[in-house]
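Residue numbers (my numbering): 27 to 282. Beta carbons are placed, not taken as given, at the ideal position from N, Cα and C, and that holds for glycine.
The structure is reproduced here in structure tokens:
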């Protein structure tokens with residue numbers, strides 16, 4: 027945490043009103059900091075003392091550190107670190123687990139439970155990159171039309187929240203809303219939140235605070251059993267005919 031703040035040992039020692047040699051001893055594990063120093067570290071880095079003494083912060087992913095540094099230890103539970111639960115096939119290749127509409131309620135509380143994840147149906151999709159982690163979610167509602175109700179969306183697991191791109195769809199597991207599928211505007215640095223935008227303009231965008239985020243999956247593809255409605259060719263031809271007449275009218279008004 028000192029290095030992430032770009033502080034020297036001397037800087038930290040002066041902030042905590044102690045000696046540089048003491049900071050060096052704490053970092054090397056030679057001595058353990060007293061309660062007064064732990065309180066100072068907790069206040070400085072906005073971490074609970076429980077997190078400081080129980081969690082190996084160097085083992086966390088960048089996305090986990092980002093959330094912790096912005097005031098929400100959502101990935102840390104007591105002395106356990108939140109790790110993505112997954113399943114593999116007989117060749118040790120990651121499966122694509124399937125989270126149906128019925129399974130969404132259970133997924134909200136069981137997303138970190140290996141037993142729950144292992145009970146989900148799964149499949150393989152050879153066209154996807156082998157070194158990425160994917161999961162499929164069934165969506166409900168019409169907020170993301172033309173992707174229809176009950177379609178399946180496949181997402182790629184996002185480790186670093188900073189990598190979230192504007193105007194791209196994401197599947198996000200939230201604290202209070204469960205699984206949400208939206209286009210995103212990344213406002214984490216400016217406001218500490220994501221702007222959630224529906225493709226159906228009848229739905230009003232809203233902000234999702236970083237403390238509400240549990241998982242983020244980048245949209246890769248969708249699967250549906252419905253054939254898209256064909257375009258009305260007669261209507262298109264009629265429109266083209268009207269445009270052609272307008273062009274002719276404009277030409278007739280232009281002098282030779």
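Between the beta-carbon of residue i and the beta-carbon of residue j, is there less than 8 angstroms?
{"i": "residue 71", "j": "residue 179", "result": "no"}
{"i": "residue 236", "j": "residue 218", "result": "yes"}
{"i": "residue 158", "j": "residue 182", "result": "yes"}
{"i": "residue 46", "j": "residue 39", "result": "yes"}
{"i": "residue 226", "j": "residue 171", "result": "yes"}
{"i": "residue 129", "j": "residue 146", "result": "yes"}
{"i": "residue 169", "j": "residue 116", "result": "no"}
{"i": "residue 190", "j": "residue 220", "result": "yes"}
{"i": "residue 139", "j": "residue 111", "result": "yes"}
The alpha helix (DSSP H) spanning residue i covers which residue range?
{"i": "residue 79", "result": "75 to 80"}
{"i": "residue 181", "result": "Premise fails: residue 181 lies in the beta strand (DSSP E), 178 to 183, not in any alpha helix (DSSP H)."}
{"i": "residue 249", "result": "No alpha helix (DSSP H) contains residue 249, which is instead part of the beta strand (DSSP E) from 239 to 249."}
{"i": "residue 66", "result": "61 to 71"}
{"i": "residue 53", "result": "46 to 54"}
{"i": "residue 38", "result": "35 to 41"}
So residue i packs on residue j, CB below 8 angstroms; how close in whole Å?
{"i": "residue 243", "j": "residue 161", "result": "6 angstroms"}
{"i": "residue 113", "j": "residue 144", "result": "5 angstroms"}
{"i": "residue 187", "j": "residue 241", "result": "The Cβ separation is near 11 angstroms, so there is no contact."}
{"i": "residue 149", "j": "residue 125", "result": "Not confirmed; about 12 angstroms, so no contact."}
{"i": "residue 44", "j": "residue 51", "result": "Between residue 51 and residue 44 the Cβ distance is about 10 angstroms, and since that is not below 8 angstroms, they are no contact."}
{"i": "residue 166", "j": "residue 127", "result": "5 angstroms"}
{"i": "residue 13", "j": "residue 42", "result": "With the chain covering 27 to 282 only, the question about residue 13 has no answer from this structure."}
{"i": "residue 83", "j": "residue 64", "result": "Their Cβ separation, rounded to whole angstroms, is 14 angstroms, which puts residue 83 and residue 64 out of contact at 8 angstroms."}
Kindly say whether residue i, judged by its beta-carbon, lies nearer than 8 angstroms to any beta-carbon of chain C.
{"i": "residue 240", "result": "No chain C is part of this structure, which consists of one protein chain only."}
For the ligand MG, I want to know if residue i counts as a neighbour, meaning its beta carbon is within less than 7 angstroms of at least one of the ligand's heavy atoms.
{"i": "residue 66", "result": "Among the ligands in the structure shown, none appear at all, so the ligand MG cannot be discussed."}
Exercise for the section: Could you say if the stretch 230 to 239 and the stretch 173 to 184 meet the contact criterion of at least three C-beta pairs nearer than 8 angstroms? Expected result: The stretch 230 to 239 is not in contact with the stretch 173 to 184.
Problem - Continuous alpha helix (DSSP H) assignments of at least 4 residues falling wholly in the stretch 103 to 160 - result: Counting only runs of 4+ residues, the alpha helix (DSSP H) found wholly inside the stretch 103 to 160 occupies 130 to 136 and 140 to 144, in chain order.
Handout entry: Segments of 4+ residues assigned as alpha helix (DSSP H) that fall wholly inside the stretch 188 to 231
Key = Listed in chain order, they are 214 to 217.
Problem - Segment contact, 8 angstroms Cβ cut-off, at least three pairs: the stretch 114 to 122 with the stretch 210 to 225 - result: Contact between the stretch 114 to 122 and the stretch 210 to 225 is absent: fewer than three C-beta pairs spanning the two stretches fall below 8 angstroms.
Practice task
Flag this pair as touching only if the stretch 268 to 275 and the stretch 196 to 204 have three or more C-beta atom pairs under 8 angstroms; answer yes or no.
Solution key: The stretch 268 to 275 makes no contact with the stretch 196 to 204; the number of CB pairs closer than 8 angstroms stays below 3.
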